[in-house]
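Data first, discussion second: the structure below is written as structure tokens.
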Amino acid sequence: MKKEIYVTFEETLTRTVALTVDSENELDQQVRQAYKNEQVVLSANDLTNAQYLINTPTTDTGWVEI
């Protein structure tokens, strides 16, 4: 018997970059601002980590890496 289930797919692009920061200011804010200012732009060339989550009444195995 075929049935419809809901599956959530998530793709995360990752890249490690060097940023110059001011040690006297909050690092979190500086990193967020660098991303907002497009100093860091992720693209399809970056490492892709794809995962999926199946969540039904009988199946909940958590996130599974593809």
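Under UniProt numbering, the first residue of the sequence shown carries the number 1, and numbering increases by one thereafter. Glycine included, every Cβ here is placed at the ideal spot set by N, Cα and C. Just so you know, these numbers come straight off a predicted model, no measurement behind them.
Please state the DSSP three-state secondary structure of residue i.
{"i": "Leu-19", "result": "coil"}
{"i": "Val-31", "result": "helix"}
Find the nearest neighbour of residue i within the set the options, judged by alpha-carbon distance.
{"i": "Asn-45", "options": "Leu-13, Tyr-6, Asn-25 and Thr-8", "result": "Leu-13"}
State the Cα-Cα distance for the pair residue i and residue j, rounded to the nearest angstrom.
{"i": "Ser-43", "j": "Thr-8", "result": "21 Å"}
{"i": "Ala-34", "j": "Ser-23", "result": "15 Å"}
{"i": "Glu-26", "j": "Val-17", "result": "18 Å"}
{"i": "Arg-32", "j": "Arg-15", "result": "15 Å"}
{"i": "Ile-5", "j": "Ile-54", "result": "8 Å"}
{"i": "Met-1", "j": "Leu-47", "result": "38 Å"}
{"i": "Val-40", "j": "Leu-19", "result": "9 Å"}
Excluding sequence positions up to five away, which residues of its chain have a Cβ less than 7 Å from the Cβ of residue i?
{"i": "Val-21", "result": "Leu-27 and Gln-30"}
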